[in-house]
Amino acid sequence: EAQVTQNPRYLITVTGKKLTVTCSQNMNHEYMSWYRQDPGLGLRQIYYSMNVEVTDKGDVPEGYKVSRKEKRNFPLILESPSPNQTSLYFCASSLGGPQPQHFGDGTRLSIL
Amino acid sequence: AQKVTQAQTEISVVEKEDVTLDCVYETRDTTYYLFWYKQPPSGELVFLIRRNSFDEQNEISGRYSWNFQKSTSSFNFTITASQVVDSAVYFCALSEGANTGGFKTIFGAGTRLFVKA
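Following this line, the structure appears as structure tokens:
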């Protein structure tokens with residue numbers, strides 16, 4: 005089954021404790037992206053990747069890191085999480101940048 | 194800079210009513226792509242339609258139709274004879290090329306649609 009898998013689905017943690025949210029897709033898609041969803045703001049793009057080893061900033065990259073060492077994986081790293089990063093995060097993938105995106109089920113992060 | 198505005202925060206209709214969700218976008222590019230996604234109460238995001246900037250043909254898919262007008266920078270979505278299962282948050286999105294060669298995507302804030310039985 006074609007899918008984008010995110011882990012964990014839920015995480016409560018504390019300020020400053022490094023965390024990684026993993027994202028994996030099995031569709032051989034070149035384009036992958038991370039978004040955060042906050043009430044009243046819709047989805048905002050954090051980072052995207054056009055292909056392996058090619059990443060670029062979206063609109064809200066501050067406080068986040070990503071890497072794309074393999075085509076299928078695109079982890080999101082919060083080196084020193086802060087409460088304003090409490091949000092619902094979605095990973096997505098597509099055949100290419102302007103193509104329809106397939107989304108993971110989301111990861112709800114709470115940073116205390 | 195690119196921007197997507199969905200001015201309607203929430204809409205409530207009674208089943209079988211028609212409803213139109215508005216989307217207005219801003220972009221400097223001549224080549225861009227517009228999307229609609231649906232997020233039902235279960236939370237997943239589902240792709241509905243994509244339009245590129247060179248294709249202003251309206252589209253109909255069952256009870257759904259989309260009206261793309263470059264002259265007004267709008268890409269509106271109409272649900273005909275709404276059903277309770279249409280209750281969801283609907284997002285309009287714009288993708289355009291970035292200076293670095295990639296494609297950035299901007300989403301609107303979403304419109305929450307309630308369809309009452």
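Each protein sequence line maps, in turn, to chains Y and C.
All residue numbers for the first sequence refer to this note's numbering, where the first residue is 5 and numbers rise by one.
All residue numbers for the second sequence refer to this note's numbering, where the first residue is 194 and numbers rise by one.
All C-beta atoms in this analysis are idealised placements derived from N, C-alpha and C, irrespective of residue type, glycine included.
All of these numbers come straight from a predicted model, not from anything done at the bench.
Inset, instruction - Flag C:Thr298 as yes if its beta-carbon sits less than 7 Å from any beta-carbon of chain Y, otherwise no. - result: Yes - at least one Cβ of chain Y is within 7 Å of the one on C:Thr298.
Legend entry - Through-space distance from Y:Asn55 to C:Gly295, alpha-carbon basis: 10 Å
Inset, instruction - Specify whether the stretch 212-224 of chain C and the stretch 31-46 of chain Y touch according to this definition: at least 3 beta carbon pairs, one from each stretch, less than 8 Å apart. - result: no
Legend entry - Sheet register partners of C:Ser275 (DSSP bridge): BP columns for C:Ser275 are empty, so no partner.
Legend entry - Per-residue burial, C:Leu312 [other beta carbons within 10 Å of its own, 16 or more giving buried]: Since the first residue of chain C shown is 194 and the last is 310, residue 312 of chain C is not available in this structure.
Legend entry - Spatial distance of C:Arg250 from C:Arg244 (CA atoms): Note on residue identity: the sequence assigns Gln, not Arg, to residue 250 of chain C. Their Cα atoms are separated by approximately 9 Å.
Legend entry - Proximal chain Y residues relative to C:Ser205, where beta-carbon distance stays under 9 Å: Within chain Y, no residue comes near C:Ser205; the closest Cβ sits about 18 Å away, beyond 9 Å.
Legend entry - Secondary structure of C:Asn269, DSSP reduced to three states: strand
Inset, instruction - Determine the direct distance from the alpha carbon of Y:Pro43 to that of Y:Tyr93, and round the result to whole angstroms. - result: 12 Å
Inset, instruction - List the endpoints of the continuous beta strand (DSSP E) containing Y:Ala96. - result: 91-98
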